[in-house]
Structures are given as structure tokens and as C-alpha cells.
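Engineer:
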Amino acid sequence: MMTPDFHLAQINIGRLVAPRGDPRVQPFFEALDSINALAEASPGFVWRLKDDDGIGAGRGVGNATAIAIGPDPLLIPNMSVWQDADALFDFVYRSAHTPVMARRREYFARFDGAYQALWWIPAGTVPTLSDGLSRLWLLDRFGPSPDAFTFKARFPEPDRAGPPADMRPDPWCMGNA
């Protein structure tokens, strides 16, 4: 089998409605380890961001909820890398992750601006949190482009020509409903 030249990186951020330990967000934190394990066991998974339990490590215990990305302690990041867009899409919208994500409005405040961005990276590359935050900024300021896009306007890998594709994520999953 041929090794792909590019992988798909993703970042999403959210502002919790309450700090960890508060009953309003406890179900989210209780589900986090199993959802991370599901991601790691999913076809096409490559890497995910982790806090002190293993930032940069590919698999295993840990999450990124303790990583500060600004002065607001309720703002938390999530980043991962996947072999391709279909693998990430299947995990997000067609797995046990989907019902947990459907409850996100219980755990996270509505976000003003881009909260998720996708971009292609050379296979074997591990993106930094700064890489991800800069992609969110690009998407927020300039809209979808080959440098930062969404499932609704997914650009092809850099070595392939073509217009962006709409992967047709359910509106309730995208935060539109």
C-alpha cells in the first residue's frame, strides 16, 4: 500500500460553561477518556494533542484540557491528525463520538468566531498548538482556503487540484442548529 504524502490536521477549541469539577461539565470530562480511546482505535487515526500526560505522544492516556491557550482558563483545545478527511469525518459524525458531540451546548458556550479548522500537513509532521491557533485565525478572518478549511468547504490535498468539497456534515453537528 502506498504511503500518503499528506495527513489532515484538525483543531477545535471551546469555552466550558463551568470549570472542571462543576456538575454542569462533569459528564463531558467523564466521557473524555473513552472518546479519546475511541479516536485512537479508529481507522486513520495518527496523533492527538495531550497535556502533561504526554503532549506530542501519539497514543495513550492524557488529554489537552489542562493546556492554556489564553488567559481564560475555561478555553480548552483539541487537536489531532488523521490519514485523510474521510477517516476524521467518520470518527466525528459516524461513531460513538457523535452523541457526545451532540451534547456540546450543555458543556460549551457558543463561540464567536471559528472554533474548528482543518488543514493538510506533510505525512509524519506533528503540528504545534500555535499552528492550529493560526489556522483558526486564518479561517476566522478570511474564510475557507487551502490553508484552513472546514468539512463544509474541504479543500483537496496540496498535490491535487480541485475546488473545495462539501462533505455535508449534519447542521446540528456543526453548531448551526
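Everything in the sequence shown is counted per my numbering, starting at 33 for the first residue and increasing by one. Each residue gets a CB set at the ideal place from its N, CA and C atoms; glycine is no exception. The model shown is predicted, which means the values in this text are computed figures rather than measured ones.
Assign P109 to one of two classes, buried (16 or more other C-beta atoms within 10 Å of its C-beta) or exposed (fewer than that).
Structural biologist: Buried, by the Cβ-count rule.
Engineer: Can you tell me whether DSSP reads M199 as helix, strand or coil?
Structural biologist: M199: coil per DSSP, three-state reduction.
Engineer: Classify R167 as buried or exposed, calling it buried when 16 or more other Cβ atoms lie within 10 Å of its own Cβ.
Structural biologist: With 16 or more Cβ atoms within 10 Å of its Cβ, R167 is classed as buried.
Engineer: If we count Cβ pairs, one from each stretch, closer than 8 Å, do we get three or more for the region 129 to 137 versus the region 48 to 68?
Structural biologist: The region 129 to 137 vs the region 48 to 68: in contact.
Engineer: Cα separation between A180 and D37?
Structural biologist: Going by the C-alpha atoms only, they are around 18 Å apart.
Engineer: To the nearest angstrom, how far is it from the Cα of D191 to the Cα of P51?
Structural biologist: Roughly 43 Å between the two C-alpha positions.
Engineer: Would you mind reading off the limits of the beta strand (DSSP E) that contains G46?
Structural biologist: Element bounds for G46: 38 to 47.
Engineer: To the nearest angstrom, how far is the alpha carbon of Q148 from that of A100?
Structural biologist: Rounded to the nearest angstrom, the two C-alpha atoms are 17 Å apart.
Engineer: Return the chain-ordered list of same chain residues with a C-beta closer than 8 Å to the C-beta of H129, the five sequence neighbours on each side being excluded.
Structural biologist: Within the same chain, H129 has close Cβ partners I67, L70, A71, F123.
Engineer: To the nearest angstrom, report how far apart T160 and F121 are at their CA atoms.
Structural biologist: Between T160 and F121, the C-alpha separation is close to 21 Å.
Engineer: Please report the straight-line C-alpha distance between F187 and S177, rounded to a whole angstrom.
Structural biologist: The straight-line gap from Cα to Cα measures roughly 7 Å.
Engineer: For R46 versus F183, is the C-beta spacing smaller than 8 Å?
Structural biologist: A small fix is needed here, since residue 46 is Gly in this sequence, not Arg. For G46 and F183, no; Cβs fall outside 8 Å.
Engineer: Go to I108, then tell me how far its beta strand (DSSP E) extends in each direction, as first and last residue.
Structural biologist: Looking at the DSSP string, the run of the beta strand (DSSP E) that includes I108 is 107 to 114.
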